[in-house]
Amino acid sequence: EPEVTQTPSHQVTQMGQEVILRCVPISNHLYFYWYRQILGQKVEFLVSFYNNEISEKSEIFDDQFSVERPDGSNFTLKIRSTKLEDSAMYFCASSGLTGGSNQPQHFGDGTRLSIL
Amino acid sequence: GESVGLHLPTLSVQEGDNSIINCAYSNSASDYFIWYKQESGKGPQFIIDIRSNMDKRQGQRVTVLLNKTVKHLSLQIAATQPGDSAVYFCAENTQGGSEKLVFGKGTKLTVNP
């Protein structure tokens, strides 16, 4: 069964450093997402991406964050200058063989980001 | 504003019993709901979804019920097994073209042998 894959599984970074989280969505999906989950809390939406541009973003997704689909398979989340409060699990998801809302989003197993 | 909440943070059942996990949502504009299962160290795993034009949907050993009148969603798991132990989240999507899922806090289901 096709799945979303994320690398690395765990990333440890010094505060103030840049970090790039990588994702390979399910092939032929059209919509891509990043969510995060701080330990013990709810999963929170960060950003959605469709047709090579951001379609929606949350208040969390400020100027320190950016997303990119550099080729036909990868989808990345970059945090330019990490802060302690960026420590969380970051999940990538994809959906939509045909596009549109009301499609199940399928998640990867996440990258645990630890900021020191 | 948008919010999805769960009535119980933990649920403990005996193996073989049926489990019912509840979810309350406050956004009447939500028209699509998903239940996810999250095992330790893993990402949310899709279980079942339901659209607002339905009130019941069945899968393999799972049933989702939607009551739009009281804005309540439930997940029923039949013949619960130890492998069902996990945290279960409901998530909602609001109509109007938004792709964002709003997640609830989660219910931890423990299945005792």
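Line by line, the protein sequences are chains L and R.
First residue of the first sequence: 1, per the working numbering; consecutive thereafter.
First residue of the second sequence: 1001, per the working numbering; consecutive thereafter.
Glycine residues also receive a C-beta, built at the ideal position from the N, C-alpha and C atoms.
Next on the checklist: Report the CB separation of His1072 (chain R) from Asn1018 (chain R) in whole angstroms; it is logged as a contact under 8 Å.
Outcome noted: Your numbering for residue 1072 (chain R) matches position 72 in the second sequence. Your numbering for residue 1018 (chain R) matches position 18 in the second sequence. About 18 Å; that fails the 8 Å criterion.
Checklist entry - Name the chain L residues whose beta carbon is nearer than 8 Å to that of Lys1042 (chain R)? => result As a position in the second sequence, residue 1042 (chain R) is number 42, starting the count at 1. For Lys1042 (chain R), the chain L residues whose C-beta falls within less than 8 Å of its own C-beta are Asp109 and Gly110, listed in chain order.
Next on the checklist: Let's test the definition: count the other Cβ atoms within 10 Å of the Cβ of Arg36 (chain L) and tell me whether it reaches 16, buried, or not, exposed.
Outcome noted: Against the first sequence, residue 36 (chain L) aligns to sequence position 36. Buried, because 16 or more other Cβ atoms sit within 10 Å of the Cβ of Arg36 (chain L).
Checklist entry - Alpha carbon to alpha carbon, how far is Ile60 (chain L) from Glu18 (chain L)? => result Translated into positions along the first sequence, residue 60 (chain L) becomes position 60. Translated into positions along the first sequence, residue 18 (chain L) becomes position 18. Rounded to the nearest angstrom, the two C-alpha atoms are 17 Å apart.
Checklist entry - Secondary structure at Leu84 (chain L), three-state DSSP: helix, strand or coil? => result Residue numbering aside, residue 84 (chain L) sits at position 84 when the first sequence is read from its first letter. Secondary structure at Leu84 (chain L): helix, using DSSP grouped into helix, strand and coil.
Checklist entry - When the distance is taken between beta carbons, is Gln1038 (chain R) closer than 8 Å to Ala1086 (chain R)? => result Here residue 1086 (chain R) refers to the residue found at position 86 when the second sequence is read from its first residue. Here residue 1038 (chain R) refers to the residue found at position 38 when the second sequence is read from its first residue. Yes. Within cutoff.
Checklist entry - chain L beta carbons: is any one of them nearer than 8 Å to that of Thr1020 (chain R)? => result Translated into positions along the second sequence, residue 1020 (chain R) becomes position 20. Before going on, a small fix: residue 1020 (chain R) reads as Ile here, not Thr. No - not a single Cβ of chain L is within 8 Å of the one on Ile1020 (chain R).
Next on the checklist: Looking at chain L, is there any beta carbon in it that lies within less than 8 Å of the beta carbon of Ile1050 (chain R)?
Outcome noted: Within the second sequence, residue 1050 (chain R) is the residue found at index 50, counting from 1. Cβ-Cβ to chain L under 8 Å: no for Ile1050 (chain R).
Item to check | Helix, strand or coil at Asp1031 (chain R) according to DSSP, with G and I counted as helix | outcome: Residue mapping note: residue 1031 (chain R) aligns to position 31 of the second sequence, counting from 1. Of the three classes helix, strand and coil, the one that applies to Asp1031 (chain R) here is strand, per DSSP.
Checklist entry - Among R:Thr1094, R:Ser1040 and R:Gly1016, which one has its Cα closest to the Cα of Tyr1088 (chain R)? => result Here residue 1088 (chain R) corresponds to residue number 88 of the second sequence, with the count starting at 1. Per the C-alpha coordinates, the member of R:Thr1094, R:Ser1040 and R:Gly1016 positioned closest to Tyr1088 (chain R) is R:Ser1040.
Checklist entry - Among residues of its own chain, excluding the 5 on either side of Phe107 (chain L), which ones have a beta-carbon nearer than 8 Å to its beta-carbon? => result In the first sequence, counting from the first residue as 1, residue 107 (chain L) sits at position 107. Closer than 8 Å at Cβ, skipping near neighbours: Val4, Tyr35, Phe91, Cys92 and Ala93.
Item to check | Those runs of the beta strand (DSSP E) which lie wholly inside the stretch 1032-1090 of chain R and span at least 3 residues | outcome: 1045-1051, 1056-1058, 1062-1067 and 1072-1077
Next on the checklist: Please list, in chain order, the residues of the stretch 40-73 of chain L that have any C-beta partner in chain R closer than 7 Å.
Outcome noted: Lys42, Val43, Phe45, Ser48, Ser55 and Glu56
Next on the checklist: Beta-carbon within less than 6 Å of Ala1078 (chain R)'s beta-carbon, same chain only, minus the 5 sequence neighbours each way: which residues are those?
Outcome noted: Position 78 of the second sequence holds residue 1078 (chain R). Excluding residues within five positions, the ones whose Cβ falls inside 6 Å are Asn1018 and Arg1061.
Checklist entry - Which chain R residues sit within Cβ distance under 8 Å of Gln14 (chain L)? => result Reading the first sequence from its first residue, position 14 is the one you call residue 14 (chain L). Below the 8 Å Cβ cutoff, chain R contributes no neighbours of Gln14 (chain L), its closest Cβ being approximately 24 Å away.
Checklist entry - Apart from the five residues just before and just after Glu1002 (chain R), which ones in its own chain have a Cβ nearer than 6 Å to its Cβ? => result As a first step, residue 1002 (chain R) must be located in the second sequence, where it is residue number 2. Caution applies to Glu1002 (chain R), whose pLDDT of 40 falls short of 50 and renders its modelled position unreliable; the model cannot decide the point.
Next on the checklist: Can you tell me whether Met15 (chain L) is helix, strand or coil according to DSSP?
Outcome noted: Locating residue 15 (chain L) in the first sequence gives position 15, counting from the first residue. In this structure, Met15 (chain L) counts as coil in the three-state DSSP scheme.
Item to check | Members of the stretch 1058-1081 of chain R near chain L, C-beta cut-off 9 Å | outcome: none
Checklist entry - Does any residue of chain R bring its CB to less than 8 Å from the CB of Ile31 (chain L)? => result Position 31 of the first sequence, counted from the start, is the residue given in the question as residue 31 (chain L). Sequence inspection shows Tyr at residue 31 (chain L); the Ile mentioned does not correspond to that position. Cβ-Cβ to chain R under 8 Å: yes for Tyr31 (chain L).
Item to check | For Asn1022 (chain R), the residue or residues it bridges with in DSSP | outcome: In the second sequence, counting from the first residue as 1, residue 1022 (chain R) sits at position 22. For Asn1022 (chain R), which the question treats as bridged, DSSP gives the partners R:Ser1074.
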